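Residues 798 to 1156 in the numbering used here are what the sequence shown lists, from first letter to last.
Glycine is no exception: its CB is placed at the ideal position from the N, C-alpha and C atoms.
Here the structure is a predicted model, which means the values were calculated and not measured.
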Amino acid sequence: MMFGNKKRIELETALTEAQEEKHNLSTKLAQIEAELTQLKESQQSTVELEDKTPFLLEANQPSLSFVLGSTNKILELLFEPMSESEGSDVLIQQNKTDIFELKEAISTIAYKTQISLQDVNSLRDTANEIKGFTDTIQSISEQTNLLALNAAIEAARAGEHGRGFAVVADEVRTLANKARESSEHISLLVQRIDENTNKVSRQIDGLHNDTISTNQSCERLSLSFNDTAAHSEKLIASGYQSMAYAHVAAAVLDLTVWHNQFLIKAWQKQPQDKALDITTTYLGDWYYNGTDNEFNFRQQADFIALGDTLLKINELMTEMTNGVIETDQLVALEETFSTYMKQVEQALTRTQEYILSHV
798 MMFGNKKRIE LETALTEAQE EKHNLSTKLA QIEAELTQLK ESQQSTVELE
848 DKTPFLLEAN QPSLSFVLGS TNKILELLFE PMSESEGSDV LIQQNKTDIF
898 ELKEAISTIA YKTQISLQDV NSLRDTANEI KGFTDTIQSI SEQTNLLALN
948 AAIEAARAGE HGRGFAVVAD EVRTLANKAR ESSEHISLLV QRIDENTNKV
998 SRQIDGLHND TISTNQSCER LSLSFNDTAA HSEKLIASGY QSMAYAHVAA
1048 AVLDLTVWHN QFLIKAWQKQ PQDKALDITT TYLGDWYYNG TDNEFNFRQQ
1098 ADFIALGDTL LKINELMTEM TNGVIETDQL VALEETFSTY MKQVEQALTR
1148 TQEYILSHV
């Protein structure tokens, strides 16, 4: 019995271990089945994705075309005002120079009116001095006349002996009267000069004040125009930058749309219905047929390198559309195309930076 119990215990232990192993195997098998199912689903999704890829690309074409059209519209809207603004920076500088010269001229006039006012004041002071002299002459004349009168009285008292002295006294009185009359006449002239001088002084003073006011207005105009000129220059620079960025965006978008047209048919293994030529794209036409060459950017290394990349893209797209291409090969060609597109973007960006640095 002891042997039987021992054997039974061993069998139960072995059975328990077997059941545990079975459970472990079942769990492992379930995991493997789940992984297989996931792998099948992944493969199926990949196949479905490959089948849907042309349709996804084709569905995106209208959106890309819309964005391209909007970008081209931006370029059109910017082109006319930016073309009309060519040379406006020269006019702005000329206007700034004219305003500066006008301000300087008005300042000169203000200075000259100030000097003229000082001269008029000096003339008025001189007239006042002359008036002082005439007052002195008037006083001397009155005293001389009084002395002549006294001399005549004394001559009359002297009788016959004073007759000659009386004649002299009479002549002196006559000269004194003439001196007084001349002094009064000079005094009247000096008074008229003083009145006219005061009138001219007031006019010059008013002109001086008006000139200062005009100069201040001109100064404010100059400051305002300088601010306007700065804003205009900034606006023009922003316009050029916007055109440059829109130009790059339009070039890349158009090249992408052109590429996708051929890629869709290559993916669907359909024959191409038109010849492949990168010069028909916006970027290709601008690069090979464009005549614009601001700041000699077409002689720069980055722009020249862009031409080599465009030729490589054209060759790659020719290979892509030459007969039936397997999926793996098509994917590899697309990876190469992505590399070339990055080179295009870099070359365009550097060319754009070169142009904008000279604006």
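| Item | Value |
| --- | --- |
| Can you list, in chain order, the residues of its chain with a C-beta nearer than 8 Å to that of V844? Leave out the 5 residues immediately preceding and following it. | With a pLDDT of 42 at V844, under the threshold of 50, the modelled position of this residue cannot be trusted, and the question is left open. |
| Do you know offhand how far Q1097's Cα is from T1148's? | 8 Å |
| Which of the three DSSP states is assigned to N1119 in this structure? | coil |
| Can you give the Cα-Cα distance for I1110 and A1027, rounded to whole angstroms? | 43 Å |
| Looking only at its own chain, which residues have a Cβ that is under 8 Å from the Cβ of K909, when we skip the five neighbours before and after it? | none |
| So, for Q1004: in the same chain, excluding its five sequence neighbours on each side, which residues have a beta-carbon less than 7 Å away from its beta-carbon? | The residue you asked about is not Gln; residue 1004 is Leu in the sequence shown. Closer than 7 Å at the Cβ level, and outside the excluded window around L1004, lie T910. |
| Under 8 Å between the Cβ atoms of I1152 and F1092? | yes |
| Among the residues of its own chain, which have a CB less than 8 Å from the CB of T1146, if the five just before and after it don't count? | V1045 |
| Specify whether the segment 1060-1067 and the segment 1078-1089 touch according to this definition: at least 3 beta carbon pairs, one from each stretch, less than 8 Å apart. | no |
| Just the C-alpha distance for G929 and E992, rounded to the nearest angstrom, thanks. | 16 Å |
| Can you list, in chain order, the residues of its chain with a C-beta nearer than 6 Å to that of Y1137? Leave out the 5 residues immediately preceding and following it. | T1106, K1109 and I1110 |
| Rounding to the nearest angstrom, what Cα-Cα distance links F897 and I990 in this structure? | 39 Å |
| Closest to Q1143 by CA distance: which of Y1079, Y1042, K1062 and M1117 is it? | Y1042 |
| List the endpoints of the continuous alpha helix (DSSP H) containing V1156. | Premise fails: V1156 is in no alpha helix (DSSP H) and is neither H nor E. |
| Nearest by alpha-carbon distance to A948: which of V965, S938, E957 and N995 is it? | V965 |
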